[in-house]
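Peer 1: When we follow my numbering, the leftmost residue of the sequence shown carries the number 1, and every step to the right adds one. Okay, here's the structure, questions in a sec.
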Amino acid sequence: MRLEKKKETTDQASWRVLSTSTMEVHTPSEDHLIIYLDGPAAEIPAIKNAKIPGTSFTEPSRLGRVLALDALWRVSSSKIQKPYFADKPVLLTVFFGKRKNAYDSDNALTTLRDWIEPHTKTVSGRQRGWGIGLVKSDKNVVSFALKANEIKSESKTTIISLRPFEGVVAQETLKFVNTISEGRIFA
């Protein structure tokens, strides 16, 4: 007789992540937000391509981690003035902490881009979504991610930074791009 492992439900996954994770939210200025995640919540799930085969449902353990992010956000951000970037171009920078398992940082970044959008938005005439509402739409979000193993870091903390993509931030980003392109872009 073969014993089958019972799959975790979305609620069970969410509670497991919530009970063993922390989120710190800082606002160094009125238009700059930094989030530090530790524990299982730091392992941002890749929701894109996370459907249960043959269904249109997202894998419960991944959806549970996103719901845990929402709950951690509500608690951790309750005492701060939350920035709202509306339609302004925004730079989302993420350092993904070290994980045991391989993952697609591009898809995890897409999860975060969706997470900073409004709780609901109209898509194909229907209201859908699950975000925290820091931006009106992710179409104005410029994003950059770095994985701990790419720089040989042992840190398990995930750090998320969100700030307007203008002024010094835009200039420094363009300087960085010009540097890595060996001056070929802005000669």
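Every residue gets a Cβ at the ideal spot worked out from N, C-alpha and C, and that includes glycine. In this text the structure is predicted, and so the values were computed from the model without any measurement.
If I measure Cβ to Cβ from Ala71 and keep anything under 8 Å in the same chain, skipping five residues before and after, which residues do I get?
Peer 2: The answer, listed in chain order, is Ser14 and Leu18.
Peer 1: Could you check if Phe96 is buried or exposed, using at least 16 other CB atoms within 10 Å of its CB as the buried criterion?
Peer 2: The residue is buried, with at least 16 neighbouring Cβ atoms inside 10 Å.
Peer 1: In its own chain, which residues sit with a C-beta less than 6 Å from the C-beta of His32, not counting the 5 before and 5 after it?
Peer 2: Cβ neighbours of His32 beyond the five flanking positions: Arg163.
Peer 1: Scan the segment 46 to 83 and note each continuous beta strand (DSSP E) run of 3 residues or more that stays entirely inside, going in chain order.
Peer 2: Qualifying beta strand (DSSP E) stretches: none in this window.
Peer 1: Does the separation of the CB atoms of Ile159 and Trp73 fall below 7 Å?
Peer 2: No, the pair does not count as a contact, with Cβ atoms beyond the cut-off.
Peer 1: Which of the three DSSP states, helix, strand or coil, is assigned to Glu172?
Peer 2: It is helical.
Peer 1: Taking Ser61 as the reference, which of Ile151, Ile116, Thr10 and Lys121 has the closest Cα?
Peer 2: Comparing Cα-Cα distances from Ser61 to each of Ile151, Ile116, Thr10 and Lys121, the minimum goes to Thr10.
Peer 1: Within a Cβ cutoff of 7 Å, which residues of the same chain sit near Tyr103, ignoring the five residues on either side of it in sequence?
Peer 2: Ala46, listed in sequence order.
Peer 1: Bridge partners of Phe144, per DSSP?
Peer 2: DSSP, once it has assigned bridges, lists Thr93 as partnering Phe144.
Peer 1: Quick check: the Cα distance between Thr20 and Gly39, rounded to an integer number of angstroms?
Peer 2: Rounded to the nearest angstrom, the two C-alpha atoms are 6 Å apart.
Peer 1: Three-state secondary structure (DSSP) at Pro164?
Peer 2: Of the three classes helix, strand and coil, the one that applies to Pro164 here is strand, per DSSP.
Peer 1: Can you give me the Cβ contacts of Ser143 inside the same chain, cut-off strictly under 8 Å, excluding the 5 residues immediately before and after it?
Peer 2: Closer than 8 Å at the Cβ level, and outside the excluded window around Ser143, lie Leu91, Leu92, Thr93, Val94, Leu109, Leu112 and Arg113.
Peer 1: With a threshold of 16 other CB atoms inside 10 Å of the CB of Phe57, please say whether the residue is buried or exposed.
Peer 2: The residue in question, Phe57, is exposed, as its Cβ has fewer than 16 Cβ neighbours within 10 Å.
Peer 1: Thr122 to Ala86, Cα distance in whole Å?
Peer 2: Those two C-alpha atoms are separated by around 16 Å.
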